[in-house]
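Undergrad:
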Amino acid sequence: MLRLGFQLLGGVRTLQPSFSVKIEQIRTTYILKRRFPAALDKKNRAPKPLKTKNFVYDEVENTNLKAEPDLKLILTSFVEGIGLKNDIVSVRPNFGRSKLLSPGLAVYASPENLEKLKTELEKSSENIQPMQHSSRFAELTRRDLASRILIVLVNKENPWTIEKWHIRAAFRRSGICVPDHAIKMGDRTISGPNFELEKKQFLVTVTINNLETTPVRCMIRHWSSLPELRLPKVEGYLEPPYEPVFEDERQIIATLPLPPFCLKKSVAT
Amino acid sequence: MSAIKSRTTILNRLPECYQKFFKEWKYGHQAAVHYIPVEGKWKRNSETGEVKRIQNKPIPLTYPKEFDEGLWGGEAIVRGFEKRHQLRRRVPHFWFPMLQKSVLYSEILDKHMEIVVTPRTLRLVDQHYGFDNYILQTPPQDLKSNLGIKLKRTLLLALATQDFLPNNTAKREELLKKYQKHILPVEEAEWYGLTLSEALEKLGKHEEVPIQKIPLKVKFREEFIEQLKEKQTEVAATSPKSSWTDTLNPFKFNKTV
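Note that the protein sequences, when read in sequence, are chains A and B. According to full-length UniProt numbering, the first sequence holds residues 1 to 269 in order. According to full-length UniProt numbering, the second sequence holds residues 1 to 257 in order.
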């Protein structure tokens, strides 16, 4: 094929292949079939040698183009986003081999292992241990909430005191449904309208599945329903430094992870 | 078969367990990977009613030197032709396996190994529920490569001598129970998985008799001393009292003698 390219170039020897040359190497496994089957051997004689035409093959199937079936695994420890300990999960084979089996987070769901798991579960059901994770996604949700900055819109004209339903509405505005019993407010009251509190942050505690808890940063923003009364737009108001409403919360607010868009910016710079 | 015949003289000197392994490895029937074998012995033509014998001739494979450094799961290079059109000449074509580096974990050796494999190997490992099971359950002619054979040898030796996982006795006993089917006597495991040249080397060491080479002068001197001692004792036994005539030597002054 390369030679063909050179001929098209007029015999000029260049290292760059011409556009007509198609260099592709698809390396896969094939199941083949002889187009001209070999002659039958005689009984009790040496087998007949193959002829050249017996080497003409037709492709029957290419197994590598087929999708592999999922792998069934038993998790030996909690894996974020995949499952709890002792869960039987089915995952894509390459993911399962490299990310679960190789580091020892899972074993194959072979009949022996399944039986072993059964006996283990029977044993452990007698002495119940406290759950460490409520679900496979709880840890991810917790981390996501911790890195968020919740914007609590409060009225610019009418007096208000921050209550649970403010927080619930703020969560709903950012696409998260949080019931009232999962929100825990601080003891101190925050009331306004007070422009000193603008862009300042306070903490609320959110509980996921009655188990995992995380503090969430809430930022106060004054808002008016009348467009002409609204405060002017500020560029990058979600970026650090963050100012707390209560001075004792400053350290926790600083230690919580930055929102993803801030991390991306810091990497780019 | 002719290949076996030419080597019978060498092979026959080796122990039977090695002969069995070697014949399996080199001349055993390999699993059909690149073709679909037709089942049954006979087939009747539905139109003519003619009965013909079914013959599954395996597709000849080519093994490059890289083959011995990986686990290709029975795959290899197929060299042949493609006939793309009825009226065109056939074109040479090679079908290559898709090779990739992958990390495989052995329970018995407690090691992660980076090995060149094919997707088929990975699938086989999954089907056997683990790398050790795959290596131990697969016959040598399907592992074929030197690396596969050596891995099987190390696993079998570890199981036979029971010296793996020295720090974790509980795990070792669990694994010994799991792989108890594959436990061989130590002598057999030591012969398993050797190449022919290695086996002959081992045989040479086995048959070698240490030869003690003593210089002839030392040997003769010792013999001579013994003879003298015997003479002394004889003389002492036969004639305790020697007469003065014995001391005379008539040839003493004869210089010609």
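From the three backbone atoms N, C-alpha and C, an ideal C-beta is built for every residue, glycine too.
1) With a cut-off of 8 Å, does the C-beta of residue 57 of chain A fall near any C-beta of chain B?
2) Using C-beta distances below 7 Å, list every residue in its chain close to residue 59 of chain A, excluding the 5 sequence neighbours before and after it, in chain order.
3) Which partner residues of residue 131 of chain A appear in the DSSP bridge assignment?
4) From the DSSP output, read off the bridge partner residues of residue 95 of chain B.
5) Considering just the uninterrupted stretch of the alpha helix (DSSP H) at residue 18 of chain B, what are its terminal residues?
6) Grab me the residues of residue 124 of chain B's own chain with a C-beta within less than 7 Å of its C-beta, minus the 5 sequence neighbours each way, in chain order.
7) Can you have a look at residue 41 of chain B and say buried or exposed, based on whether 16 or more other CB atoms are within 10 angstroms of its CB?
8) Would you tell me roughly how many angstroms separate the C-alpha atoms of residue 249 of chain B and residue 211 of chain B, rounded to the nearest one?
9) In whole angstroms, give me the CA-to-CA distance for residue 182 of chain B and residue 66 of chain A.
10) Among A:261, A:222, A:116 and A:94, which one has its Cα closest to the Cα of residue 196 of chain A?
11) What residues from chain A crowd round residue 148 of chain B, counting only those whose CB sits closer than 8 Å?
12) Counting only Cβ pairs nearer than 8 Å, list the residues of chain A close to residue 36 of chain B.
13) According to DSSP, is residue 86 of chain A helix, strand or coil?
14) Contact between the region 149 to 158 of chain A and the region 170 to 181 of chain A: three or more CB pairs below 8 Å?
15) Let me confirm a value: residue 120 of chain A is counted as buried when at least 16 other C-beta atoms fall within 10 Å, else exposed. Which label applies?
16) What are the start and end residues of the alpha helix (DSSP H) that includes residue 50 of chain A?
17) Label residue 26 of chain A either buried or exposed according to how many other C-beta atoms from any shown protein chain fall within 10 Å of its C-beta, with 16 as the threshold for buried.
18) Given a limit of 9 Å on CB to CB distance, which residues of the region 89 to 122 of chain A reach chain B?
19) Quick check on residue 124 of chain B: does DSSP put it in helix, strand or coil?
20) Nearest by alpha-carbon distance to residue 67 of chain B: which of B:142, B:43, B:245 and B:113 is it?
21) Which ranges does the beta strand (DSSP E) cover as unbroken runs of at least 3 residues, wholly within the UniProt domain "Ribosomal protein L9" (72 to 117) of chain A, from first to last along the chain?
22) Would you check if the region 73 to 89 of chain B and the region 149 to 168 of chain B touch, i.e. whether three or more CB-CB distances between them fall below 8 Å?
23) Does residue 45 of chain B come within less than 8 Å of chain A when only Cβ atoms are used?
24) Using the beta-carbon count (16 or more within 10 Å), is residue 218 of chain A buried or exposed?
25) I need the DSSP call for residue 100 of chain B, collapsed to helix, strand or coil.
26) With distances taken between CB atoms, is the gap from residue 140 of chain A to residue 80 of chain A smaller than 8 Å?
27) Cβ closer than 7 Å: which chain A residues qualify as neighbours of residue 114 of chain B?
28) Can you list, in chain order, the stretches of the alpha helix (DSSP H) that have 4 or more residues and sit fully within the region 166 to 199 of chain B?
29) Between which residues of its own chain and residue 245 of chain A is the CB-CB distance below 7 Å, once the five residues before and five after are set aside?
30) Do residue 185 of chain A and residue 216 of chain A have their beta-carbon atoms positioned less than 8 Å apart in this structure?
31) So residue 202 of chain B and residue 196 of chain B are in contact, right, with Cβ under 8 Å, and what is the actual spacing, rounded?
32) Under 9 Å, CB to CB, which of the residues in the region 68 to 85 of chain A have a partner in chain B?
33) How long is the line joining the alpha carbons of residue 200 of chain B and residue 163 of chain B, rounded to whole angstroms?
34) What residue range is occupied by the uninterrupted alpha helix (DSSP H) comprising residue 137 of chain A?
35) To the nearest angstrom, how far is it from the Cα of residue 149 of chain A to the Cα of residue 214 of chain A?
TA: Looking at the atomic coordinates:
1) yes
2) 30 and 32
3) Partner(s): none; residue 131 of chain A has no beta bridge.
4) Answer by DSSP bridge pairing, in chain order: B:78.
5) 16 to 27
6) 73 and 134
7) exposed
8) 46 Å
9) 34 Å
10) A:222
11) Those within 8 Å of residue 148 of chain B in chain A number zero; the least Cβ separation is about 17 Å.
12) 31, 33 and 60
13) coil
14) yes
15) exposed
16) Unbroken run through residue 50 of chain A: none, as it is neither H nor E.
17) At residue 26 of chain A the pLDDT is 35, less than 50, meaning the model places this residue with poor confidence; the figure from the coordinates comes in the next sentence. Counting Cβ neighbours within 10 Å, residue 26 of chain A comes out exposed, since fewer than 16 surround it.
18) 93, 94, 96, 97, 98, 101, 102, 104, 107, 108, 109, 110, 111, 112 and 113
19) helix
20) B:142
21) Here the runs fully enclosed are 88 to 91 and 106 to 108.
22) no
23) no
24) buried
25) strand
26) yes
27) Neighbours of residue 114 of chain B in chain A, taken as residues at a C-beta separation under 7 Å, are lacking, since the least C-beta distance is about 11 Å.
28) 169 to 178 and 186 to 191
29) 190, 197, 200, 201 and 202
30) no
31) Not quite, the Cβ-Cβ distance comes to about 11 Å (not below 8 Å), so this is no contact.
32) 68 and 71
33) 26 Å
34) No alpha helix (DSSP H) holds residue 137 of chain A; DSSP gives it neither H nor E.
35) 13 Å
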